[in-house]
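The numbering of the sequence shown is my numbering, which starts it at 1 and goes up by one. Ideal Cβ placement from N, Cα and C applies to all residues, glycine included. Here the structure is a predicted model, which means the values were calculated and not measured.
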Amino acid sequence: MGEWTIGAVIDAIADAVPDREMTVCGSRRSTFAQGADRSRRLANFLAARGLGAHRERDELQRWECGQDRVALVMHNDLYPDMVIGALKARTVPFNVNYYYSPGEVADLLAYLQPRAIIYHRSLGAKFADVLQAEVLISIDDGEGAELSGSVSLEDALVQGDSDAAPTGSPDDVLMVCTGGTTGRPKGVMWRQGDIYVSSMNGADHDAVEEIHTKVANAGPPWFAVSPMMHAAGMWTAFSGLLSGQTVVLHDTKPKFDARTVLETAQREKIGLMTMVGDAYAAPIVDELDRRSYDLSSMYAIGTGGAATNPKHQRALLEHIPQITVINGFGSSETGNMGFGHTQRQTPTADTFQLRAGALVLAEDYSRFLEPGSAEVGWVARNGRIPLGYFEDSVATDKTFPEVAGERVVVSGDRASLEADGTLRLYGRDSLVVNTGGEKVFVEEIEDVLRAHPAVVDALAVGRPSERWGQELVAVVAVRDAIDADSLREHCATRLARFKLPKDVVFVEEIRRLGNGKADYRWAKHVAVGSVGGVRA
């Protein structure tokens with residue numbers, strides 16, 4: 001069985017179905033032939049400037065990178081093409097969160113030291129003082145000016161009409177930067193041969209004919225609504241592209257608008273749509289309540305990266321009864337780990353079916369847990385996993401240890417295995433609140449609060465307490481008037497008494513990050529600084 005590079009797979013698909021649309025974003029529609037050519041030209045441009053691989057993988061430690069890095073400060077338009085082109089050049093593309101402050105982006109770039117930066121001009125002004133690299137490539141997206149010293153993508157592609165790029169290797173790295181919600185972002189280094197199989201719907205193909213056969217017939221397009229600079233969005237888009245599907249990319253430049261999303265899904269006759277948690281699901285449900293859309297082609301909605309309230313899942317199933325709601329679970333370090341299926345006639349899935357390699361590791365890292373064990377351990381994975389964290393040997397050894405003679409990745413999420421082998425996820429260990437000697441996973445409280453019909457959104461955090469060490473505080477946005485006692489009574493029907501929030505702080509809106517994930521730093525600031533919260 002032979003490993004493949006992502007660029008070689010795209011080229012094979014372009015040979016088989018050159019005129020099939022590869023991506024649609026806003027008014028731009030690109031075929032696989034155009035995508036293959038655009039990525040080839042970008043690779044040649046980068047290679048001609050000396051960027052590429054300077055040390056091979058067998059010469060390096062797991063946390064070392066012998067390739068030049070390319071930062072992508074981009075909205076969704078052309079994002080896949082830039083990733084593929086950078087990989088073809090044997091450089092390492094990495095995502096930059098454009099919701100970061102300039103200072104945060106400066107810190108990330110200082111850490112990863114890119115030799116090239118590709119940016120959308122609409123983001124250029126915000127980061128003008130920090131986007132500094134040997135090669136700057138600007139993409140005209142209708143706003144903003146080109147930064148000094150940049151070359152336009154159009155000119156770069158013209159200059160790249162040559163054969164300067166070397167042949168890539170499955171050992172070449174694709175880097176995914178973590179969200180930084182619990183500390184400084186880290187660069188997770190994946191061999192592209194591994195990430196293609198583990199998270200992008202790929203396989204080790206014996207011959208190119210296997211790819212040609214796989215992509216000969218395509219179903220309805222996939223719609224990646226979330227930003228590509230978020231791992232969940234990239235997994236979705238590349239899983240579709242590398243299977244020969246047309247992938248519609250949501251235009252992330254304007255503010256998220258549910259009506260635009262649903263109009264796009266209707267116009268493009270979308271089959272699978274993916275999004276990130278309540279930040280997307282809630283406004284989509286509200287829009288479906290207001291207007292009707294022809295979504296008869298849709299067979300599934302996938303959601304991941306953040307929790308999606310069961311009441312929103314049920315609402316989606318009522319509005320689009322033929323679909324399956326797929327709850328995905330994974331991280332930058334593990335890739336896609338598991339999924340849960342919910343249909344209109346079935347209960348909402350509350351556990352995850354595990355993908356190949358997914359495991360639960362005992363709390364002391366001594367062994368893997370068996371189905372039905374009462375222990376709560378760590379979510380882990382073996383097999384196709386990342387190499388490690390860029391230039392961080394200590395964190396690499398901690399997160400990617402050897403257990404029972406095999407290297408694993410330990411995600412930081414706590415979970416147990418049900419008797420049927422499915423995974424019950426409790427939440428991030430870094431978000432556990434130790435109150436009065438009891439450990440409480442905040443996600444469990446949030447799920448119960450969000451299930452109340454008066455609650456729009458909710459987060460739970462810990463706050464210093466003389467009596468409890470930490471006390472649980474709920475930060476809640478509501479649509480209808482409700483008091484703290486009523487919310488506590490609601491929680492008491494599902495939760496043990498020690499898990500009930502000691503304080504409820506009401507806010508107009510729960511702040512979430514641009515990728516839909518909860519902004520726990522903000523929530524903790526609100527909880528600690530609140531004097532207007534209602535003491536329960």
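Query: Could you tell me whether the stretch 158-167 touches the stretch 124-133, using the rule of 3 or more Cβ pairs below 8 Å?; Result: no
Query: Roughly how many angstroms separate the alpha carbons of V208 and A12, rounded to a whole number?; Result: 7 Å
Query: What does the Cβ neighbour count give for R467, buried or exposed, with the cut at 16 atoms within 10 Å?; Result: exposed
Query: Beta-carbon separation of K88 and G202 under 8 Å?; Result: no
Query: Please report how far the alpha carbon of D58 lies from the alpha carbon of E406, in whole angstroms.; Result: 19 Å
Query: Could you pull the start and end residues of the alpha helix (DSSP H) that S393 belongs to?; Result: 393-399
Query: Check G532 in the structure and name its three-state DSSP category.; Result: For G532, the pLDDT reaches just 42, beneath the cut-off of 50, and the residue's location in the model is therefore unreliable, leaving the point undetermined.
Query: Nearest CA to the CA of S416: which residue from Q192, D350, D392, P453?; Result: D350
Query: Would you mind stating whether L495 and V448 have Cβ atoms separated by less than 8 Å?; Result: yes
Query: Please determine, among D485, Y100, P401, S430, the residue with the shortest C-alpha to C-alpha distance to Y520.; Result: S430
Query: Does DSSP put T342 in a helix, a strand or coil?; Result: strand
Query: Near H75, which residues of its chain fall below 6 Å by C-beta distance, leaving aside the five closest residues on each side in sequence?; Result: H120, T252, K253
Query: Sort out for me which residues DSSP pairs F238 with in a bridge.; Result: Partner(s): none; F238 has no beta bridge.
Query: Quick test of your reading: G179 and K517, contact by CB under 8 Å. State the CB separation rounded to the nearest angstrom.; Result: 6 Å
Query: Helix, strand or coil, according to DSSP, for M82 in the structure here?; Result: helix
Query: Which first and last residues belong to the beta strand (DSSP E) in which Q322 is found?; Result: Q322 -> no beta strand (DSSP E), and no H or E assigned at all.
Query: Based on Cα-Cα distance, which residue from A48, R49, M175 lies nearest to L108?; Result: M175
Query: Any idea what DSSP makes of R479, helix, strand or coil?; Result: coil
Query: Is the beta carbon of Q353 sitting closer than 8 Å to the one on F339?; Result: yes
Query: Spatial neighbours of G533 within its chain, please: CB distance less than 6 Å, with the 5 preceding and 5 following residues excluded, ordered by chain position.; Result: The predicted position of G533 is uncertain, since its pLDDT is 45 and thus under 50; a value taken from the coordinates is nonetheless stated next. Correct list, in chain order: D503, V505.
Query: Run through the stretch 120-205 for me and flag every whole beta strand (DSSP E) of 3 or more residues, listed as ranges in chain order.; Result: 135-139, 150-152, 173-177, 187-191
Query: Less than 8 Å separating the beta-carbons of G427 and V442?; Result: yes
Query: In whole angstroms, what is the alpha-carbon distance linking A536 and M228?; Result: Interpretation of A536 is limited by its pLDDT of 38, a score under 50 that renders its predicted location unreliable; the figure taken from the coordinates is listed afterwards. Spanning the two alpha carbons is a distance of roughly 41 Å.
Query: Whole angstroms is fine: what's the gap from H525's alpha carbon to G437's?; Result: 23 Å
Query: Residues in its own chain within less than 8 Å of P371 by CB, not counting five upstream and five downstream?; Result: L417, E418, A419, D420, G421
Query: So, does the stretch 263-278 touch the stretch 329-338, judging by three or more C-beta pairs under 8 Å?; Result: no
Query: Assuming G271 and M298 form a contact by the criterion Cβ under 8 Å, report the distance between their Cβ atoms to the nearest whole angstrom.; Result: 6 Å
Query: Going by the DSSP bridge assignment, what does V73 pair with across the sheet?; Result: Y119
Query: The alpha helix (DSSP H) with N44 in it runs from where to where?; Result: 32-48
Query: Report yes or no: do three or more beta-carbon pairs, one from the stretch 82-97 and one from the stretch 33-44, lie closer than 8 Å?; Result: yes
Query: Mark G377 as exposed unless 16 or more other C-beta atoms lie within 10 angstroms of its C-beta, in which case mark it buried.; Result: buried
Query: Locate the alpha helix (DSSP H) running through E350, then write down its first and last residues.; Result: Checking the sequence shown, residue 350 turns out to be Asp, not Glu. Where D350 is concerned, there is no enclosing alpha helix (DSSP H), given that its DSSP letter is neither H nor E.
Query: Pick out whichever of V403, V456, D172 has its Cα sitting closest to the Cα of N309.; Result: V456
Query: Use the C-beta contact count for G35: other C-beta atoms within 10 angstroms, 16 or more gives buried, fewer gives exposed.; Result: buried
Query: Span of the alpha helix (DSSP H) holding I211?; Result: 208-214
Query: Assuming D457 is part of the beta strand (DSSP E), what are its boundary residues?; Result: 455-465
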